[in-house]
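Undergrad:
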Amino acid sequence: MNNLRPFHLAIPVDNLEKNRVFYRNILELSEGRSSDHWVDFDFFGHQLVIHLKERNSEEKEAMNSVDGKAVPIPHFGIVLDMKTFKSFSEKLIQKNITFIIDPYIRFEGQKGEQATMFFKDPAGNALEFKAFADMTQLFAK
Numbered sequence: 000m001n002n003l004r005p006f007h008l009a010i011p012v013d014n015l016e017k018n019r020v021f022y023r024n025i026l027e028l029s030e031g032r033s034s035d036h037w038v039d040f041d042f043f044g045h046q047l048v049i050h051l052k053e054r055n056s057e058e059k060e061a062m063n064s065v066d067g068k069a070v071p072i073p074h075f076g077i078v079l080d081m082k083t084f085k086s087f088s089e090k091l092i093q094k095n096i097t098f099i100i101d102p103y104i105r106f107e108g109q110k111g112e113q114a115t116m117f118f119k120d121p122a123g124n125a126l127e128f129k130a131f132a133d134m135t136q137l138f139a140k
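At position 65 of the sequence shown (counting the first as 1) the number is 64 in numbering that gives the first Met the number 0, and the numbers step up by one without a gap.
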């Protein structure tokens with residue numbers, strides 16, 4: 000897992016400015032290049048780009064049950080260390096984020112024990128932030 004290369008992820012948003020404010024001010028991501036149709040962000044060392052796209056009202060949201068909770072599919076996010084997860088989740092609570100799944104410990108006492116939380120950006124893209132009790136178990140079976 001050493002020497003990870005940054006990933007690039009482009010996601011659709013239906014209101015560029017509203018989502019720009021969310022990622023910059025709520026998630027506190029640094030903004031990079033932009034145009035009138037897209038904005039780059041430093042997503043914890045990775046490149047996240049929000050692209051303006053009209054919303055398709057026919058798209059249906061899918062969910063999978065994980066640990067007894069309805070996890071939105073698709074979703075994306077980042078694996079943080081526990082200390083950063085705790086401070087980040089506290090900031091989000093203070094900023095009145097509406098969680099799909101509130102911050103909690105999943106698989107407690109089992110392989111892959113992790114803190115996790117889910118919420119959506121203003122365009123409806125689902126995000127998951129997590130942190131493992133033991134990072135060596137990131138891919139443990």
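Even glycine gets a Cβ: it sits at the ideal position worked out from N, Cα and C.
#1: Give me the DSSP bridge partner(s) of A125.
#2: Rounded to the nearest angstrom, how far is the Cβ of I50 from that of P102, given a contact under 8 Å?
#3: Where do the N-terminal and C-terminal ends of the alpha helix (DSSP H) with I72 fall, by residue?
#4: Going by C-alpha to C-alpha distance, which of L8, Q113, D120 sits closest to A139?
#5: Use the C-beta contact count for V65: other C-beta atoms within 10 angstroms, 16 or more gives buried, fewer gives exposed.
#6: Tell me, to the nearest whole angstrom, how far the beta carbon of Q136 is from that of G108; I am working on the premise that it is less than 8 Å.
#7: P73: buried (16+ other C-beta within 10 angstroms of its C-beta) or exposed?
#8: DSSP puts G76 in a beta bridge; with which residues?
#9: Counting beta carbon pairs with one atom in the region 117-135 and one in the region 69-88, are three or more of them shorter than 8 Å?
#10: Within 10 Å of its beta-carbon, does M116 have 16 or more other beta-carbons around it, so buried, or fewer, so exposed?
#11: In the DSSP assignment, find the unbroken alpha helix (DSSP H) run with N24 in it and report its ends.
#12: How big is the Cα-Cα spacing for N95 and K119?
TA: In short, the structure shows the following:
#1: K119
#2: The residue asked about is misnamed: residue 50 is His in this sequence, not Ile. Their Cβ separation, rounded to whole angstroms, is 29 Å, which puts H50 and P102 out of contact at 8 Å.
#3: Taken as a continuous stretch (DSSP letters only), I72 belongs to no alpha helix (DSSP H), being part of the beta strand (DSSP E) at 68-72.
#4: Q113
#5: exposed
#6: That belief does not hold up - the Cβ atoms of Q136 and G108 are roughly 12 Å apart, past 8 Å.
#7: exposed
#8: E127
#9: yes
#10: buried
#11: Premise fails: N24 is in no alpha helix (DSSP H) and is neither H nor E.
#12: 12 Å
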